[in-house]
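For reference, the structure discussed in these notes is given below.
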Amino acid sequence: MAELTGRDAIRAALEQEMARDERVVLLGEDVAPGGVFKTTPGLVDRFGAERVWDTPISEQAIVGSAMGAAMGGLRPVAEIMFADFYATCWDLVANEIAKTRYMTGGQVRLPLVVRGSNGGGGLGFGAQHSQSAESWAMCVPGLKIACPSTPSDFKGLLAGAIREEDPVLVFEHKGLYGRTGEVPDGDHVVALGESHTLREGSDVTLVGLAFTVGICEAAADQLADEGISAEVIDLRTLVPLDVAAVLRSVATTNRLVIVEEGPGQLGWSASLAAIVSDEGFDDLDAPVLRVCGASVPLPAAGVLEEEVNPNAQRVIAAVRRMS
Amino acid sequence: MAELTGRDAIRAALEQEMARDERVVLLGEDVAPGGVFKTTPGLVDRFGAERVWDTPISEQAIVGSAMGAAMGGLRPVAEIMFADFYATCWDLVANEIAKTRYMTGGQVRLPLVVRGSNGGGGLGFGAQHSQSAESWAMCVPGLKIACPSTPSDFKGLLAGAIREEDPVLVFEHKGLYGRTGEVPDGDHVVALGESHTLREGSDVTLVGLAFTVGICEAAADQLADEGISAEVIDLRTLVPLDVAAVLRSVATTNRLVIVEEGPGQLGWSASLAAIVSDEGFDDLDAPVLRVCGASVPLPAAGVLEEEVNPNAQRVIAAVRRMS
Amino acid sequence: MADDSSPDRAGTLSPPPDAADLELYRSMLLARRMAEKTRQLWTDGGVHGPGHLSDGHEAISVGVAACLREGDATIGTYRGHAHALARGADPEAVLRELLGREGGVCDAKGGSMHITSVEHGYFGSYAIVGAHLPIACGLAWAQRLKGEGNVTVCFFGDGATNIGAFHEAVNLAAVWQLPLIFCCENNLYMEYTPITAVTPVRHPAADRASAYGLDRVVVDGNDVEAVRDVIAERVQRARKGDGPSIVEAMTYRLRGHSLADPAAYRPEAEVQEWARKEPVGRYRTVLSERDVPAEELDGVEREVSELVDEVAERALAAPSPQGETAMTDVWADGGSAWRS
Amino acid sequence: MADDSSPDRAGTLSPPPDAADLELYRSMLLARRMAEKTRQLWTDGGVHGPGHLSDGHEAISVGVAACLREGDATIGTYRGHAHALARGADPEAVLRELLGREGGVCDAKGGSMHITSVEHGYFGSYAIVGAHLPIACGLAWAQRLKGEGNVTVCFFGDGATNIGAFHEAVNLAAVWQLPLIFCCENNLYMEYTPITAVTPVRHPAADRASAYGLDRVVVDGNDVEAVRDVIAERVQRARKGDGPSIVEAMTYRLRGHSLADPAAYRPEAEVQEWARKEPVGRYRTVLSERDVPAEELDGVEREVSELVDEVAERALAAPSPQGETAMTDVWADGGSAWRS
Ligand SMILES: Cc1ncc(C[n+]2csc(CCOP(=O)(O)OP(=O)(O)O)c2C)c(N)n1
Ligand SMILES: Cc1ncc(C[n+]2csc(CCOP(=O)(O)OP(=O)(O)O)c2C)c(N)n1
Ligand SMILES: [Mg+2]
Ligand SMILES: [Mg+2]
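Chains A, B, C and D, in that order, are what the protein sequence lines are. Every number in this note's numbering is 32 more than the matching position in the first sequence, counting from 1. Every number in this note's numbering is 32 more than the matching position in the second sequence, counting from 1. Every number in this note's numbering is 2 more than the matching position in the third sequence, counting from 1. Every number in this note's numbering is 2 more than the matching position in the fourth sequence, counting from 1.
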């Protein structure tokens, strides 16, 4: 075990996978000089410029090339600097990468990863650099979606994504790049589709993803002081979605609060809430509640960003509303 | 009243609004020759080439120009031929049009409409020309979203959208272009945000949007034969979303089935289901059920498309599951 | 033709020159007859959904395929039937796909706009204008890393030159010196709009080449040998590591943009002029002038027509796919599960 | 300068020539001092979030603004403070925005990357590379329809020339003959990567002009009068209906890409060379050589420095915005309700 930051954990996963499999190649803007979030330093020195390509500012060319390279037998990892920029190449992601295996009757595999920074995290990046784009992706069948919350998962889920035979988008919450945590040494791989129960509890289930997992934990701590025992589940991936684990938990706690950073108008928590409200109907003693970001673009000023983001107090308020 | 097709109703709305307000201008691919769905024939003759611009195949330039033109004082109506192609200009739609008023502290208004064909409708257009992109838009605060289901609303909601001071995306279901219906003559405008209760009922509420409204009606007909009285609500717009009307209905029927054409994985029905499951918790005698498209890209062959689309039988099965 | 360009696998072992000519003729005829058959099947109601044929364009797909070898990749648009066939795709599997039958080349999931035959090096037909140009960059990048001297040819229309993906892809290919030939089939129209009405240069692909440091290459796209020769040279460069090319091939659709389009927007004189220049009849004349006997040419025509009739009959007799097919092959494990 | 180009509203009534020169100097100095102040406020922790300054680029925003009149529009990037100021945006409102205070020019919702001052014709700073070029087309289209001879100038970086939106926008502007000047600030780098490493032509904007039927125009972007003169000519053409232009102005950032970037990737010799060419000191030398007395120049400098210090002090004293501000102005009715 080593204590690593999120960004170093990503680098460790890339190094591990590139060393293991020479078909793994990287591409993106400024990836050779180390990346603007410092997730790729030194990789070009170890693996050479043919495997670590610096691209022009051409997101369509980046993810399109990743797709073509995967069809041609490589296992590319493309970086999209900010997930908001998926909008500049959404056609390639949503219409081509997600659909081509199916449309060709399974003639191609697309083992590729697109990774990049996601979410706000109080860093003041504003409306065009802070979105939670994982929900955009979940609207489109054919994409796997991973959203790690710890340095260990930053490494393990990225390695798992690279080993998948299907396209995976990895959303790295930018508020977690700098947080440290224990990361297993050596080959560390987490398979996609398994949620992680961080703590068990009996009164309410709190479900988070990426940055909001920490919010759930903070809320659970405070609730514990009030004598309320909260179970905390980190979903880890949206596709595959570990609905079974949430339903199992709700069967015990009978209450569910889902915490999503993105706008409440529409996002992944709505899907999970709708499913659990249906399939867990008989287990639920209270409505499933969602604590989400406000349905506005993210404002720049710190006090305003705080105003619209979910936080532990809002989660606690939701739990109180249930009892 | 005249009996018009959906496509003629659109043309009528455009003509009505262009005649009323010379700031209303059109742009898009092949709009001058009448459009591939024949929604704009003759408008260039009446209003001139300066107000009906044929563009290159440049979706970013089309919607970007619409935005700039709106900032400059026009009221543009841009056509995106197939809603799937929003993916090629999603940055302009989701990151610029949706956010610029907010990001500039209200310095600009963006009275603009982007309209285009949406959904499948059994026409065999396949995975890249049949998506239900309205849910992509709903993930992004700052866009109003209209999805008409009748020729009358094709005209009225489009006119209403053009008169809005905010950006509106109008999703025209391509399976409805050819269907006919009564359309009021003269100035016909429907304000955004008001759902339409097509028939009242006491046992279950069926909520549809665009093409699925017809599915709800067909299901309601058959349910009536079985002695089940279904209320049918046409949402008409997703933003603003008329949650109040659905909650009112559920307060009477105590049961809700939502029918969405897009993939069940994530879409607008999840948001509505989550909200009603929460706010209507005490009224509900059964879980809110969603009948959605399968979570796969849309296959081309007719028999396969049928397999994945929602239909009246599935709605009826859902209603039966509830009792 | 360049020494290292062997004929497509659809051909036979090193044929003598005139046999190669006949093979070009046969291959163009196959594309033509398949288009005609498709139009008929559509008129009869058997082909459902949109369809985009390329009668008139045949010299391009065939001329290009003649320069390629196993390991080379091609990739194209919704107007892609001829491209698939030219690389050797099975005509029956193509027709089954168009008819939405079991055994369709894409399991009846792709349809007319997505004909793909990866085993023949045709990596697919993409229906959103411009999207496959960046994808082609990736195919060529993989080829370059493998180091076997293979190349990719990417087909696209004149209309595609105005979309952003075109610019990003050609630029990237030029920066990375990829073994990639961008082949524009300029048929003078996007859907209903003449390309000149929406483009500020005369040759929408070739006149942009200099923006990427590439040569300006325009070729008569209705002359199959001219296409072959120009492409062969470009392929040879790419195999040697000398980077990408743009080639603009001038051609014309004999019919509408799609099966449903009567193409009334085109001036009659223009249509007539191009009908005279159409590549299949024109190449027959060339071959006749080279003293290929009429019987031999007739024989090829008969053979191809019979083949197409036969495969159409078999395709029409094929069953519809099982409904469950709709739920397969989203993922590499063959399934479509997205939750547990 | 063209007859019909009156000075920006930030200037005074028809000044005599040397006064106009001093005004150019004053305007560049304002941008420079504001950048320096912003860097200091960031170091002190008052500016939160990312920030992109343009010390070194000042001659471009100022040279352009000198050609424009009320009714003309400009639009730029996240590196947009100088562009806003050059058109007359209130320095205090800009600093309040950067500090996230009440009275920020965008109500503290936009921040450093989105400085906008529509009342001064600056239609905003856009933080996603390339996106605002199509938007500029729309502004110019509206101007053209209004028929008042107004123009739009759109600023962007060298890196933006490789994204699809650039291509679509310049093409459309050329086809529609819009009154629009695309002004590339080529500072040799995208973030950390030299533009030449990812572009196959030497001048990423100018060498693409011919792809749109436009002239190739390169100007010394650190020479404020050269910029003004080249732009004035292009503006005049656009006002007359002679369509769009691309102008590539060569410049250099004095510091890193963003406030957080130490810019270690740039060779020291290159940095030194460009430091010698920086536009503000250089123009002071020019004015001195024209016999403008040192005291006069010192006076302008003192005046600008004092102004910036004062507005910074007032901005720092301003309160944070009310929390509810976060929920306003999604819609034109002032609110953000999305459901009933
Ligand atoms: C991004 C996008 N915009 C619009 C369309 C609709 N569309 C399909 S084909 C076509 C015309 C394409 O013209 P061109 O590239 O010249 O190819 P051609 O059809 O002439 O072979 C258009 C506009 C599309 N498929 N994708
Ligand atoms: C579409 C997109 N991709 C990437 C980025 C991240 N990014 C911000 S600025 C920048 C470099 C831009 O370089 P250039 O256009 O030369 O402008 P400069 O910063 O040098 O003024 C990049 C890559 C972005 N904002 N938008
Ligand atoms: Mg064409
Ligand atoms: Mg730059």
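Don't be surprised by glycine CBs; every beta carbon is placed ideally from N, CA and C.
Spell out whether any CB of chain D is found under 8 angstroms from the CB atom of Y194/C.
On the third sequence, residue 194/C is found 192 positions in, with the first residue counted as 1. So, not an interface residue.
Flag Y285/C as yes when its Cβ comes closer than 7 angstroms to any non-hydrogen atom of ligand 3, and as no otherwise.
Within the third sequence, residue 285/C is the residue found at index 283, counting from 1. No, Cβ of Y285/C sits at least 7 angstroms from all heavy atoms of ligand 3.
Residue range of the unbroken alpha helix (DSSP H) whose run includes S63/D:
On the fourth sequence, position 61 is the one that residue 63/D refers to. Here the alpha helix (DSSP H) through S63/D covers 60-67.
In angstroms with no decimal places, state the Cα-to-Cα distance between G65/D and V219/D.
Taking the first residue of the fourth sequence as position 1, residue 65/D is located at position 63. Taking the first residue of the fourth sequence as position 1, residue 219/D is located at position 217. Distance between the alpha carbons of G65/D and V219/D: 15 angstroms.
I need the straight-line Cα distance from V306/D to F125/D, nearest angstrom please.
The sequence position of residue 306/D within the fourth sequence is 304, counting from 1. The sequence position of residue 125/D within the fourth sequence is 123, counting from 1. Approximately 25 angstroms between the Cα atoms of the pair.
Which residues neighbour ligand 4 when neighbourhood means a C-beta less than 6 angstroms away from any of its non-hydrogen atoms? List them by chain order.
G159/D, D160/D, G161/D, N189/D, Y191/D, M192/D
Use the C-beta contact count for T136/B: other C-beta atoms within 10 angstroms, 16 or more gives buried, fewer gives exposed.
Stepping through the second sequence from its first residue, residue 136/B is reached at position 104. Counting Cβ neighbours within 10 Å, T136/B comes out buried, since at least 16 surround it.
Enclosing beta strand (DSSP E) for S303/B [first to last residue]
Residue mapping note: residue 303/B aligns to position 271 of the second sequence, counting from 1. Premise fails: S303/B lies in the alpha helix (DSSP H), 300-311, not in any beta strand (DSSP E).
Taking 8 angstroms as the CB-CB limit, is G325/C close to chain A?
Residue numbering aside, residue 325/C sits at position 323 when the third sequence is read from its first letter. No - not a single Cβ of chain A is within 8 angstroms of the one on G325/C.
Whole-Å CB distance - V56/B paired with V109/B, under 8 angstroms assumed:
As a first step, residue 56/B is located in the second sequence; it is residue number 24 there, counting from the start. As a first step, residue 109/B is located in the second sequence; it is residue number 77 there, counting from the start. Indeed, because the Cβ distance is near 7 angstroms, the residues count as touching under 8 angstroms.
How would you call E308/D, buried or exposed, if buried means at least 16 neighbouring beta carbons within 10 angstroms?
As a working note, residue 308/D is residue 306 in the fourth sequence. Exposed: under 16 other Cβ atoms inside 10 Å.
Can you tell me the Cα-Cα spacing of L298/A and D53/B, whole angstroms?
Locating residue 298/A in the first sequence gives position 266, where the first residue counts as 1. Locating residue 53/B in the second sequence gives position 21, where the first residue counts as 1. Rounded to whole angstroms, L298/A to D53/B spans 34 angstroms at the Cα level.
Any idea if K131/A is buried or exposed, counting beta-carbon neighbours within 10 angstroms, 16 or more meaning buried?
The residue given as residue 131/A occupies position 99 in the first sequence. So K131/A ends up on the buried side.
For Q274/D, count neighbouring Cβ atoms within 10 angstroms of its own Cβ and tell me buried if that reaches 16, exposed if not.
The residue given as residue 274/D occupies position 272 in the fourth sequence. Per the 10 Å Cβ criterion, exposed.
Quick one: using the 10 Å Cβ neighbour count with 16 as the cut-off for buried, is F114/B buried or exposed?
Translated into positions along the second sequence, residue 114/B becomes position 82. By the 10 Å Cβ count, F114/B comes out buried.
How many Å lie between S327/B and E49/B at the Cα?
On the second sequence, position 295 is the one that residue 327/B refers to. On the second sequence, position 17 is the one that residue 49/B refers to. One C-alpha to the other measures close to 39 angstroms.
Return the residue from the list E170/D, L26/D, V49/D, R34/D that minimises the CA-CA distance to A317/D.
Numbered from its first residue, the fourth sequence carries residue 317/D at position 315. Ranking the options by Cα distance to A317/D, first place goes to V49/D.
Under 9 angstroms (Cβ pairs) to chain C, residues found in the stretch 94-126 of chain A:
I94, V95, G96, S97, A98, M99, G100, A101, A102, M103, G104, G105, L106, P108, T120, C121, D123, L124
Under a Cβ-count criterion, where at least 16 other Cβ atoms within 10 Å of its own Cβ denotes burial, should D74/C be classed as buried or exposed?
One-based indexing of the third sequence puts residue 74/C at position 72. Label assigned to D74/C: buried.
The beta strand (DSSP E) that contains E47/B, what's its start and end?
Sequence index remark: in the second sequence, residue 47/B carries index 15 (1-based). Careful: E47/B lies outside any beta strand (DSSP E), inside the alpha helix (DSSP H) at 38-52.
Note down, one range per segment and in chain order, each alpha helix (DSSP H) of at least 4 residues found wholly within the stretch 260-285 of chain C.
270-278
If you count every other CB in all the chains shown that lies within 10 Å of the CB of Q42/D, and 16 or more means buried, which is it?
Numbered from its first residue, the fourth sequence carries residue 42/D at position 40. The residue in question, Q42/D, is exposed, as its Cβ has fewer than 16 Cβ neighbours within 10 Å.
Just to confirm my understanding: we take P52/D, look at its own chain, exclude 5 residues before and 5 after, and list those with CB closer than 6 angstroms. What are they?
Position 50 of the fourth sequence, counting from 1, holds the residue named residue 52/D. Excluding positions up to five away in sequence, the list reads S260.
Within the present structure, is the beta-carbon of I137/D separated from the nearest heavy atom of ligand 1 by less than 7 angstroms?
Residue 137/D sits at position 135 when you count from the first residue of the fourth sequence. No, ligand 1 has no heavy atom inside 7 angstroms of this Cβ.
For S119/D, the three-state DSSP class (helix, strand or coil):
For the purposes of this step, residue 119/D is taken as residue 117 along the fourth sequence, with counting starting at 1. Strand.
When the Cα atoms are used, what is the spatial distance from E99/C to A339/C?
Taking the first residue of the third sequence as 1, we reach residue 99/C at position 97. Taking the first residue of the third sequence as 1, we reach residue 339/C at position 337. Going by the C-alpha atoms only, they are around 25 angstroms apart.
Taking the C-alpha atoms as reference points, what is the distance between R268/C and L256/C?
Stepping through the third sequence from its first residue, residue 268/C is reached at position 266. Stepping through the third sequence from its first residue, residue 256/C is reached at position 254. Those two C-alpha atoms are separated by around 11 angstroms.
In chain A, what lies closer than 9 angstroms to V177/C by C-beta?
Mapped onto the third sequence, residue 177/C falls at position 175. Chain A residues near V177/C: T87, P88.
Find the nearest neighbour of E326/C within the set V351/B, V347/B, R353/B, E337/B, judged by alpha-carbon distance.
Residue mapping note: residue 326/C aligns to position 324 of the third sequence, counting from 1. Closest by alpha carbon: E337/B.
Beta carbons nearer than 9 angstroms to chain C: which residues of the stretch 271-298 of chain A have them?
V271, P272, L273, D274, V275, A276, A277
Buried or exposed by the 16-neighbour rule on C-beta atoms within 10 Å, applied to K39/C:
Locating residue 39/C in the third sequence gives position 37, counting from the first residue. Counting Cβ neighbours within 10 Å, K39/C comes out buried, since at least 16 surround it.
Along chain A, in chain order, which residues have C-beta atoms closer than 9 angstroms to that of P199/B?
Residue 199/B sits at position 167 when you count from the first residue of the second sequence. The premise fails here: P199/B is roughly 13 angstroms from chain A at the closest Cβ pair, so nothing lies under 9 angstroms.
Cβ-based neighbour list, T87/A, same chain, cut-off 7 angstroms, excluding 5 preceding and 5 following:
Translated into the one-based positions of the first sequence, residue 87/A becomes position 55. Excluding residues within five positions, the ones whose Cβ falls inside 7 angstroms are L59, G60, E61, A93, I94.
What does I348/B pair with, by DSSP beta-bridge criteria?
For the purposes of this step, residue 348/B is identified with residue 316 of the second sequence, where counting begins at 1. Beta-bridge pairing links I348/B to no other residue.
Compare the C-beta of N341/B with all C-beta atoms of chain A and state if any pair is closer than 8 angstroms.
If you number the second sequence from 1, residue 341/B lands on position 309. Closer than 8 angstroms: no.
Would you say H83/D and F157/D are within 8 angstroms of each other, going by their C-beta atoms?
To locate residue 83/D, count along the fourth sequence from 1; it is residue 81. To locate residue 157/D, count along the fourth sequence from 1; it is residue 155. Not closer than 8 angstroms, so no.
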